[in-house]
Every structure is written in C-alpha cells, then in structure tokens.
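> Residue numbers (the numbering used here), protein chains in the order written: chain A, 5 to 467; chain B, 6 to 722.
Using N, Cα and C, we set each Cβ at its ideal position, and we do this for glycine too.
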Amino acid sequence: MKKYLYMMLLVVFSAACSAEFLNLQPNEALPTENAIQSIDDLTSAIIGVYSGLQSSDHYGRYFVLVPDVMSDDVKQNASANRAKEYAEFEAFSEHFITQNMWARLYSTINRANVVINNTLEVTDAAQDEKSQIEGEAYAIRALCHFDLVRIYGQHYGFTGDNSHLGVPIITEFDEDGEPSRNTVAQVYQQVISDLTTAIDKMGDDFSSTRMSKVAAQALLARVNLYMGEYAAAANLADAVISSGEVGLGTSGDYLDSWANGTSPDPIFEISYSANDNNGSDALGRMYIIDGYGDYLPSADLLNLIDTADLRSNLFKFDGNLGGIFGDLRVDKFPSVIGTDNFPVIRLSEIYMIRAEARYRTGNETGAQADVDAIRQRAWPTAAAVTATGTALLDEIEKEKRVELMFEGHRLWDLMRWQRGVTRTDCTAPTSACDVAYPNDRFILPMPQNEIDANPNIAQNPGY
Amino acid sequence: MTGLPAVDITPDGSGGYTLGTPRVETLWIDELSRTGLNQSYDLSLSGGNAGLTYFASGSYFKQEAPIIYSQLERYSSRVNLAIQANPRLKFTNNLNISSTQQQGMNDATRWANPLYNGYLLAPVIPIKDEQGLFYDGHKNFFMGGNNPVGSLSGDDSQEWTINRVLNNLTGELEILDGLKFKSAWSFDLLNFQEFYFRNARFGDGRNTAGFGSESTNNQLNWIGTQTLTYGKSFNNVHNTLFLAGYEAQKSSFRNVYAAAETWPHPSLRTLASAANPDAASSSLSEYSFSSFFGRANYNYDGKYFIDASIRRDGSSRFGSEQRYGVFWSVGGSWILSREGFLESVGAINDLKLKASYGVTGNAGIGNYASIGTFSFSGVDYDGLPGGIPGQIGNSNLTWERSETFNAGVEFRIFDRVDGIVEYFDRESDNLLLNVPISRTTGFSSLLQNFGAMKNTGLEITLNADIIKGKDFTWGVGGNITFLRNRITRLEEEFIAGTKLRREGQDYQTYWMFEWAGVDAQTGAPTWYTDSTRSEISSSVNDIERYDIGKSATPRYFGGFTTNLAWKGIRVDAQFTYSWDNWLYDATAWVLQGDGRFTPRSQTNRVLDRWQNPGDETEVPRFAWGNTSSSNLRNSTRYLLDGSHIRLRNLTVSYNLPSSLLSAVKLRSARVYFRGVNMWTWTRDADLYVDPEAALSGIINSPVPNLKTMSIGVDIGL
C-alpha cells in the first residue's frame, strides 16, 4: 500500500510544477520591451519599416494607382474594378482602399517610430550605423506623412495660410491616442523637419533600395516644389544632381531598365523580389496584358508621345481591346509575378523639379536644358526646346507627364497648378470626364473605421 | 473557341457597345455539383471477465461530397480495456486511432473556393477549348477565376492527411474504504499534413511554371488530472462526498511549411520534383493551464441536496500578474416527490426543485494575447529579415467571469408527461473583446477586458406519451428557449463589423445603412439618410449607419419531436426552429453586385432587376461596372429574416421480429432510412440562403447545409 502512496505523491508533485509551467512566450516574436537591444535589432526594425512601404496599400499598388486613375493619363477598361470609384470620383468613407491605405501608412509610421524612439546605447564604432538607420526612419516617416497629407488633404496652397485640414502627425506610440487632424501647414512643417533631421543623420553611402541622404534631399526638393518654394527646390535639386550618386543613364539602356524590373535612374526605389510574393497584388498587374488589365493609357497621354520616342515602346499592342478602349496596354511594369521595383523618386523627376523651379525663378535657359536632358535621353532625335514663357511651362508639363507617367505624380501636379481633370478620351461616365478645380473629390474621405474609433477626426467636406 | 471571344462586343459609336449571342452557355454550378454518396461500416465486439473487460471496434467511412473532386475517407479503430488488478486497484485504457484522407476545396468567399468561383464566372465562358483542353481565355479578366471544373478535375489539388492517436489512461486506487485516488492522463497526438498544387497551364501556377506547397502540423495536447475523493454515509441518511484535485494541461502546435515553383510534369506531387524552392518556414505555438479544485456534495436521505465547489485556474494566455482566477459554485435541490406528503398523490410521479449559483471563467483568446510583441514572422525586405511591432501588450488582461444563477423545476405527472422549466440569469463581466482603436496607432484593435453582458431567459422542455398501447405508441415533445441578451456595461461603445456594441443593447445588434428600396423611376438604390427615416437618398455620402432595431440573436428558439411506433416499425421526427434572428449575407455585395464586379457573373436574383421606369422590385438597375454603390456593404438590403422551422432529422426504422432472427441466428437486425434537413419552412418565402447561421448571423459562404438521405442496416451477432 505504501508503494502506491509514494507513486501517487510523485505523480501529483511532478505535474504540479511551478509558475514556470504557465510562463510561455511566443516563438516567432519577442516581447516588445526586449525588442531593440542591439544594433542588429535596430537593423531588423528598419527592414520592417521598408517592408511596410512594399504593401499594396502603399507603393505596392494603390497609393500610385489611385491618383493616376483620378488623372487624365489613365482610362478604365471594361473590366475595371478595384479603383473604379476613384476613377469616377465616387469614393466613400467605407471603401476598402480609403480605409486600408490610411491604416497601412500609419502602421509604417509606427514602425519608423520604433526606430526613431529607440533607447539603445551603442559603442562609438557603431554610432554611425545607428545614426544612418535612424536617418532612414526619419526620412520614411516624412515620406508617409507627406503621402497621407497629399491623398487625404487638399494641396499646399489650397488656403492662404494652409490652415485647412491635413492628417494627424504621429511621432510617438500611444495605444490610447485619439488625435485630431493637424493642419496642412503643420504636416508640411513636420515633413521638412524630419527630412532635415534625416539628411543630418545619414552618411554618404548610397543604395537605391534604401533611403539615403541624397534620397532625403530629393524628397525635400519635391516638398519645396509643392510648397512653391522654388529657389529652395532648385538648390536641393542641384545638390542631388551634383552628388553624382545617380546618373540619367543612356538612351540605349532606357527601355532595358524598365524591362528588367527597375528604372533608368532610381534615387529611392522599393525593391520587390520573387520572395515578396507580390504577384497579383502588384501595380503592373492592373495594366499589363497578363494581368487584370483594369486600366489603359488614355489617348490624351498617348498623343503626347512621338513614335520615335523610346517611351512609345512602354506600351504593348492588344488586339483584344478595340473601339473606345483603343489597342494599347501599359507595359511600364511588365513583371507578371510582381518583381518590378517601384521608383518612389528618381533623377528624371529631380530634373523636372529643377526645370519648373528654374522657370519660376526666371532661369528659362536652365529650364530648357533640363527638359532637353530628359527628352533627348528617350528621344535622341528630338529638337532642343526653344519655347519661352508659358509655352516653356507647357513643355515642362508635357515632359514631366510623359517621363513619369503611371508613377502616380500627375494628379498632384494638376492640383497644385489649380487645374481640373479634363479627359477627352474618357471611358468613365461623363460626370467624371471633365472635373473642375477646386474639387472636394480630388482627395479621399477620412476612413469611416477611423472616425468610428476616433471621434476627434473631422470628415472632409463633400463626404 | 481559341481565338474567338466568348461573346462579340461591338462598339455602338456613342460610347457604349452591343453584345452578340454567347457561343456557349455554361452552368458552372451544375458542372461543379454532383449527388454525393456516403458509406459507413462499423464492426464492434465486447466481452470480458471479472478481472478484465474489453471493447473493440473498427470502422470505415467514405464520403463523396456533392462537389466534384471533394471526398473524405476515414479508417478508425478503438480498443477500451479495463483491468481490475486487485480489489482496490483498477486501470482503464481507451485507445482511439484514426487516419483520414481528404481532398477538396477551400470554403468561403475566395477565388480559391471553386464553388464561389462558379458563381462568379460568366456562363459565356466555355469549360473546354477546341483542342479539348480546359479553357483559360478568360484568365486576364478573372485573375483568380481559374476554370474551376479544370481545377477540380485533378489538375490542381488540395489534399489532407490527418492521423490521430487519442489515448486516455486512468488508474484508480481505493486507499481506504471510501477514499479513492484517481490519476487520469489524456494524450492527443494529431498530425495534419496538407499538399496543395496549382497547375502551370491555366491555374494559379501559370506564372511560376506550377506551384506546390506542403505543410505538416503536429499537435500534442496532454491533460493530467489527479483527484482524491472521499465518500461516507452517516446514519444511513447523511451522505457526503468530498473531492480535491489538480489538473495540468499543455498544448503545443508546430507547423513546418515549404513551397516550390517550376514543376517538370503536372502529375508529380512532391516538392522534390520542383526546380525552385520558394518558401520554407516553421512556427510553434503553445498554451498551458494549471488548476486546483475541490468539491463537496451532501444529501439528506436522497431528498435534500447541497453541492459546493471551488477552483483556482491559471492560464498562460493572461498577463503575468493576472494569470489566476478563482471560481466557485453552490447549488441545492429538493426532491419533493420523495416527501411523505406527496408520495400519496398519484398524479405526481417526480417533482424536483433546484437552484444554483456559480462563477466560471473564460480564457478563449489567442495563445500570447496579453504579450506586447515584436514580430519577425514573414517580414523581409530586399533579402533581409525584419521585425515589426506585432501586437500591443495588455499585462492586465485577465479571465472573463460569468456569474450564473439557475432555478428550475423538473417533473413527471400522470406517468405520461414530463418536463423541465428553468430560469437562467448569466452575467458575464470582464468581457474579452477586441476593441477597435484609432488606426493612427499603427494597430486596428486591442484585446481588452472591456465590459459586461447579461443573458436572461426561460427554457421549457415538455414531453408527453400520448398513446401507450401494446403495439402502438405515440409521443411528442418540444422545447423552447426565450432569450434576452443585453450589454450591461461598456467602457465605450464601439462598432464591430456589422454590429454595434452599446450599453443596454443586444450584443448582436446590427448597425447598418437602412435600405429604402429601389427608385421605381430610375432603378437607383435608395437608403434612409438617418434613423428618423424621414428622408431617403441615392448617394452613399448622404447616409449614415444606425441601430436598425434588429439583432442576430433569436427572440426564441428550440425544437420539437414526435415518434410513432407500431410493432417493429418506428418513425422519429425532430424539428428545430428559430424566430426573429436576422442574417447578414456577406457574399451578396459581390454575388448580387448589380454589375459592380463585371465581368464577374451574378446569381439569378439579378433576373428580377429594375429595367424600365415603373418597375417595382428590390433589385436595382444593373450597370456594367456599376458605381452607384447599390451593393454597399453593411446595408439592410442584404439583411435577411432567419426565422424558420426545419425537419432536422427523420428516421424510419424497422426491427426484424425475433422469430425471424432466431432462424438465422442473429441477436438483432434493424433497417432504417434517415433524412437530414429534408424540409425547411422560412417566414421569408424568398429566403435564398440557408437559415442556419453562426451566432453572429453572418453568412460567409454560398454553400448551404447539406440535405442527406441515408439507408442503413444494424446487425447484432
């Protein structure tokens, strides 16, 4: 009998072990408080920030596609589907793109804040690396706020003092936070401050798939252009061009670079590899023959491109189209498995920024030269630009439109030039063919699920 | 059909176009369905002697589902042994082994569900092309919409193998008279393997020369329970039983996944054949519980009963400071029919009053839900692994507690009618809710103990033997539950999908745009602009969601049964019903999208659409690429009345007479017919979905519950 009793006690006490038994930790994650304890951890964290930019709700697709389908460069195919409400200016606050894009960009901002607000102490030897990583995070936080304010708020200059509503500025994690919207002026101020910090913190190393000092300067040039600070924009563009980190490339390489899944002159591009399984979520799939084919190039754009211009080869004939849909597909991002890198900012844009800034500051010769640099790379036999005055501005607009087509720039330019969207080749309902400026519908509504959870968010007018 | 479009589209010169006659008309759903067939065979034997008893059985089950390709085959065996080692020591071991092979499809509203796909593909798309190959000319319009008939022909595959060993071992030792120690151990080993293949020609593997993946999941769940019980009676009237115990449980789940692309031949089915490894990962997830408990039962002379229990449970899922919860209950009952003053009342056979009050806990959340995490799973960029904030921590997260009060009466009268009437009142506090938070945090929700909820109701069960003849009997029975659910406390009201969580309201209250019908002149959708219902609008920017006064919780539900027996023939019918529960068809915004998702097809409800001014219909105008938002989600347009009565089970059986059986040396023989879900009546005569849905009322799949009919034979040797 005693034997059994001992056995019994053994069984009970072996099972009834300590509190350790209940102390289980996840295996694919670390507790937040232990997350950043070394420079390697900080490296992991910045990679996480970049992976946020890859999302189809940001540079993977919709942040680029949506403004383009709202512009006059793109028309809808008969099977157009995903961004159709935007192309027809019928967006609403519960639409999945409106809701998901907002959530995604703030998620990336939160990831960047993890890097920026780290309390890591490193050795002197690792100080430069830490500073570089933090600089990258500042630049990406700036980019995300800038993208949010562009698509959810009216453009800089919409009101005299830019007191119109922008988006909340988030620089720290607060799980109970219910922020209200900052003004557009405040958001631009934050963007400039973050980019300036980024430039200070980063070293001279350059890789186009990562943020760099040059990329932050390039973004700051764009921000200044949008603000109408032309002298500053021109100076920053000078700095980027003269840095020599990126060249325009040759005419001979121009088409190959697109065909090979990159771009001729990327300053900062989002890398996509087969590993990312971007596939059907890719931007290119919205355009190419072997994709969804939702959207097509408009004749308004095609008519600007000479047959001798290499850029006329960034389209592909599709005999299955026809009638009002034409016979061309966009082939700028040709990968069927979504491995085209996306150029967030590239040197061609910097030339066009400088051209416009030079024009606005009275340097027409310089502006002509910048247009020629871009035009003659893709169209070597094109005559040099001799136009002056508003005719020169038209040339700048045309060149920028053609060079940066389908990269999500056109709508922002139209808005800041205070012009409407006029589509003469229009497959949308007539109400969406000629849309006047100013317009509540040039920006997206505040997402309904944000308003529901955060009562401090005011809806945009007209929604 | 290669080279020719499924239908000719001719521009009419004024911005529109006209459609020609389709070259084919494919009824996809018909092509994907078949009449299913189930087979099941069981064999069992049992026996033993004073020291050893045994039971063994083996069974085989095969189901060919009503969707082509889908089938399930299971072999299982069971051995139960009980050994009385000596008068005080007993061991039992129950071993259950099964192996299941299954192939089939994904459910729910995804392209990967061929049946859903079958609804979306237009009938103008042919199944095969002129060469006899599965047609793929539509693939650029339906990226995920790969020919589902081709997919289920075996060109794609989705196969599962599930092997399971479940063993329950107990040892029971009577230490002293009345004092027993019992040690019970349960081991559940589950191995789940999946093979998934997408073909290179017309399937999802077409851009990668074929895609295949394999995953293996191993789950081990063990529970050890040690109890000590002591029972004693005093003076023949005071009966007591005491129990104390400890239970530990741990579950671990490990997954290994690999995928590969570029397959040399479509019929190869292991990753070894593929040229390019594409993905490899593994994961491990665990949870544990640890509990001490005690219980005491007392009764006086089999008339008055008092029970009390207490337990302390710990769960790995909660915050480190909040892991343990203490729960208890007390209950009592009184069997009046054993009292002298009622024993003489012949009409009353049994009468019992009972009441109980207790507190229980709920830990039904994710394994690491309380821990703030920095996650590395699936995060990479440019060939480097990354980490991201994965989850917000909540170290205060703790047990959800429910306090339940029950009181009722059980009776049997006139030796014909028995019943139970029971009142319940269950108040749950510290509700574990995923509460939406501002997306500017980088997260969409935070799991919190966020409120309290109350369920009160009355449950009545009645059964009566109406005819009790020698050869003929007829019985009827029924039960009904009246249920009232209210949120009694909430830190802050919030919206969860289609629902509003608000104090004083039913937990499943719908928060929706209210549909006001189709404008008979224009065919445009209309909604009420706000809860005053004084204005309607066709623009989604004028309307708002509000409490529409409907809930997914039924006002009452239950079932009733009837049985008839005449000699060896027996008929059993079981009905279920539910009343005033509202269902939301979450598939409808696509399947009845009024052209929003063209060229995807529609269900045949589109045939009732508005076409001419003056048409009175509930289905708006159809427009190619419709942007009228008529298919707006969270709209009562897709809210359906789930009130129904259903004949859940009908069984007709015949027991062969013993005179016949003895001639062929059988102990018993029974033949039967069984029908499941054979008949359903719905209050809404036009209800097109299956009225049985989850508690939330959300219908996520276009696949209805099956109607099955089976015949069987039971033979006892």
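For the segment 224-289 of chain A, which segments carrying the beta strand (DSSP E) assignment without a break, of at least 3 residues, lie completely within its bounds, in sequence order?
270-274
> In the DSSP assignment, find the unbroken alpha helix (DSSP H) run with Asp198 (chain A) in it and report its ends.
Counting from 1 along the first sequence, the entry for residue 198 (chain A) is found at position 194. Its alpha helix (DSSP H) spans residues Val188 to Lys205.
> Can Glu233 (chain A) and Ser288 (chain B) be called in contact, C-beta distance under 7 Å?
As a first step, residue 233 (chain A) is located in the first sequence; it is residue number 229 there, counting from the start. As a first step, residue 288 (chain B) is located in the second sequence; it is residue number 283 there, counting from the start. Contact: no.
> Could you check whether the Cβ of Gly3 (chain A) sits closer than 7 Å to any Cβ belonging to chain B?
Past the edges of chain A, shown from 5 to 467, lies residue 3 (chain A), and the structure says nothing about it.
> With H, G and I counted as helix, E and B as strand and the rest as coil, what does DSSP make of Pro35 (chain A)?
Sequence index remark: in the first sequence, residue 35 (chain A) carries index 31 (1-based). Pro35 (chain A) falls in the strand class under three-state DSSP.
> In angstroms with no decimal places, state the Cα-to-Cα distance between Gln579 (chain B) and Val676 (chain B).
Counted from its first residue, the second sequence places residue 579 (chain B) at position 574. Counted from its first residue, the second sequence places residue 676 (chain B) at position 671. Computed Cα separation, rounded: 19 Å.
> First and last residue of the beta strand (DSSP E) that includes Ser104 (chain B)?
Within the second sequence, residue 104 (chain B) is the residue found at index 99, counting from 1. From DSSP, the beta strand (DSSP E) with Ser104 (chain B) extends over Leu94 to Gln108.
> Could you check what DSSP says for Gln452 (chain A) in three-state terms: helix, strand or coil?
Within the first sequence, the letter at position 448 stands for residue 452 (chain A). Three-state DSSP puts Gln452 (chain A) in a helix.
> Assuming Asn151 (chain B) and Asp209 (chain B) form a contact by the criterion Cβ under 8 Å, report the distance between their Cβ atoms to the nearest whole angstrom.
Taking the first residue of the second sequence as 1, we reach residue 151 (chain B) at position 146. Taking the first residue of the second sequence as 1, we reach residue 209 (chain B) at position 204. So it is a contact: roughly 6 Å between Cβ atoms.
> List the residues of chain A that Gly600 (chain B) touches, going by C-beta distances under 7 Å, in chain order.
The residue given as residue 600 (chain B) occupies position 595 in the second sequence. Residues of chain A passing the Cβ test: none, with the nearest at roughly 11 Å.
> Have a look at B:Phe197, B:Tyr309 and B:Gly483 and flag the residue whose alpha-carbon is nearest the alpha-carbon of Thr466 (chain B).
Stepping through the second sequence from its first residue, residue 466 (chain B) is reached at position 461. Considering only alpha carbons, the answer is B:Gly483.
> Enumerate in chain order the residues of its own chain whose CB-to-CB distance from Glu266 (chain B) is below 7 Å, with the five nearest sequence positions on each side excluded.
On the second sequence, position 261 is the one that residue 266 (chain B) refers to. Hits under 7 Å: Thr213, Ala214, Gly215, Phe216, Ala279, Asn281 and Asp283.
> What are the residues in the segment 369-385 of chain B lying within 8 Å of chain A by C-beta distance?
Asn372, Tyr373, Ile376, Gly377, Thr378, Phe379, Ser380, Phe381, Ser382, Val384 and Asp385
> What in chain B is Cβ-close to Ile354 (chain A), meaning under 8 Å?
In the first sequence, counting from the first residue as 1, residue 354 (chain A) sits at position 350. None at all; the shortest Cβ gap to chain B is about 23 Å.
> Looking only at its chain, what residues have a beta carbon closer than 6 Å to the beta carbon of Asn367 (chain B), apart from the 5 residues adjacent to it on each side?
Within the second sequence, numbered from 1, the residue matching residue 367 (chain B) stands at position 362. Counting only Cβ-Cβ distances below 6 Å, and skipping sequence neighbours, we find Glu405.
> So the candidates are B:Ala61, B:Gln44 and B:Ile353; which of them puts its Cα closest to the Cα of Gly52 (chain B)?
As a position in the second sequence, residue 52 (chain B) is number 47, starting the count at 1. Ranking the options by Cα distance to Gly52 (chain B), first place goes to B:Ala61.
> Quick check on the DSSP output: the beta strand (DSSP E) that includes Tyr262 (chain B) runs from which residue to which?
Residue numbering aside, residue 262 (chain B) sits at position 257 when the second sequence is read from its first letter. Per DSSP, Tyr262 (chain B) belongs to the beta strand (DSSP E) from His243 to Glu266.
> Using a C-beta cutoff of 7 Å, does Ser83 (chain A) count as contacting chain B?
Translated into the one-based positions of the first sequence, residue 83 (chain A) becomes position 79. Chain B, which has a Cβ nearer than 7 Å to the Cβ of Ser83 (chain A), makes this yes.
> How many angstroms separate the CA atom of Met6 (chain B) from the CA atom of Asp45 (chain A)?
Along the second sequence, one-based indexing puts residue 6 (chain B) at 1. Along the first sequence, one-based indexing puts residue 45 (chain A) at 41. With a pLDDT of only 35 at Met6 (chain B), under 50, the local geometry of the prediction cannot be trusted, and no value is derived from it.
> Once you ignore the five residues that flank Arg328 (chain B) on each side, which residues in its own chain have a CB closer than 7 Å to its CB?
Looking up residue 328 (chain B) in the second sequence gives position 323. Contacts found: Gly319 and Ser320.
> Identify whether Ile341 (chain A) lies in helix, strand or coil by the three-state DSSP scheme.
As a first step, residue 341 (chain A) is located in the first sequence; it is residue number 337 there, counting from the start. Three-state result, Ile341 (chain A): coil.
> If we count the other Cβ atoms within 10 Å of its Cβ and call it buried at 16 or more, is Val406 (chain A) buried or exposed?
Position 402 of the first sequence, counted from the first residue, corresponds to residue 406 (chain A). Its Cβ being crowded by 16 or more others within 10 Å, Val406 (chain A) is buried.
> Quick check: what's the CA-CA separation for Arg154 (chain A) versus Glu125 (chain A)?
Walking along the first sequence from the start, residue 154 (chain A) turns up at place 150. Walking along the first sequence from the start, residue 125 (chain A) turns up at place 121. Taking the straight line joining both Cα atoms gives about 36 Å.
> In three-state DSSP terms, what is Gly8 (chain B)?
In the second sequence, the residue the question calls residue 8 (chain B) occupies position 3. Unreliable placement is indicated for Gly8 (chain B), whose pLDDT of 46 sits below 50; the coordinate value is still reported in the next sentence. Reduced to three states, the DSSP call for Gly8 (chain B) is coil.
> Grouping DSSP H, G and I as helix and E and B as strand, with all else coil, what is Met419 (chain A)?
Counting from one through the first sequence, the residue named residue 419 (chain A) turns up at place 415. Secondary structure of Met419 (chain A) (DSSP, three-state): helix.
> Consider the Cβ of Asp374 (chain A): report whether some Cβ of chain B lies at a distance smaller than 7 Å.
Mapped onto the first sequence, residue 374 (chain A) falls at position 370. No, Asp374 (chain A) lies away from the interface with chain B (no Cβ there is under 7 Å from its Cβ).
> Among the residues of its own chain, which have a CB less than 6 Å from the CB of Gly139 (chain A), if the five just before and after it don't count?
For this step, residue 139 (chain A) is matched to residue 135 along the first sequence. For Gly139 (chain A), where only same-chain residues beyond five positions count, the Cβ hits under 6 Å are Ala202, Lys205 and Met206.
> Per DSSP, His649 (chain B) is paired with what?
Your numbering for residue 649 (chain B) matches position 644 in the second sequence. B:Ser583 and B:Thr687, per the DSSP bridge assignment.
> With a threshold of 16 other CB atoms inside 10 Å of the CB of Pro421 (chain A), please say whether the residue is buried or exposed.
Reading the first sequence from its first residue, position 417 is the one you call residue 421 (chain A). Reading off the sequence shown, one finds Trp at residue 421 (chain A), where the question assumed Pro. Exposed: under 16 other Cβ atoms inside 10 Å.
> For the segment 524-542 of chain B, which residues have a CB atom closer than 8 Å to at least one CB atom of chain E, in sequence order?
No chain E appears in this structure, whose protein chains are A and B.
> Is the separation between the beta-carbon of Ser220 (chain B) and that of Leu26 (chain A) shorter than 7 Å?
Walking along the second sequence from the start, residue 220 (chain B) turns up at place 215. Walking along the first sequence from the start, residue 26 (chain A) turns up at place 22. The answer is no: Cβ separation not under 7 Å.
> At a cut of 8 Å, does the segment 142-157 of chain A reach the segment 25-41 of chain B through at least three beta carbon pairs?
no
> Beta-carbon of Tyr90 (chain A) versus every beta-carbon of chain B: anything under 7 Å?
Sequence index remark: in the first sequence, residue 90 (chain A) carries index 86 (1-based). No, Tyr90 (chain A) lies away from the interface with chain B (no Cβ there is under 7 Å from its Cβ).
> Looking at the unbroken alpha helix (DSSP H) that takes in Asn370 (chain A), where does it start and where does it end?
To locate residue 370 (chain A), count along the first sequence from 1; it is residue 366. Contrary to the premise, residue 370 (chain A) reads as Gly rather than Asn in this sequence. Looking at the DSSP string, the run of the alpha helix (DSSP H) that includes Gly370 (chain A) is Glu368 to Ala382.
> Within 7 Å of any Cβ in chain A, is that where the Cβ of Val545 (chain B) sits?
To locate residue 545 (chain B), count along the second sequence from 1; it is residue 540. Taking Cβ atoms only, chain A reaches closer than 7 Å to Val545 (chain B), which makes this a yes.
> Look at Tyr515 (chain B) and Lys555 (chain B) and say whether their C-beta atoms are less than 7 Å apart.
As a working note, residue 515 (chain B) is residue 510 in the second sequence. As a working note, residue 555 (chain B) is residue 550 in the second sequence. Yes, the Cβ-Cβ distance between Tyr515 (chain B) and Lys555 (chain B) is below 7 Å.
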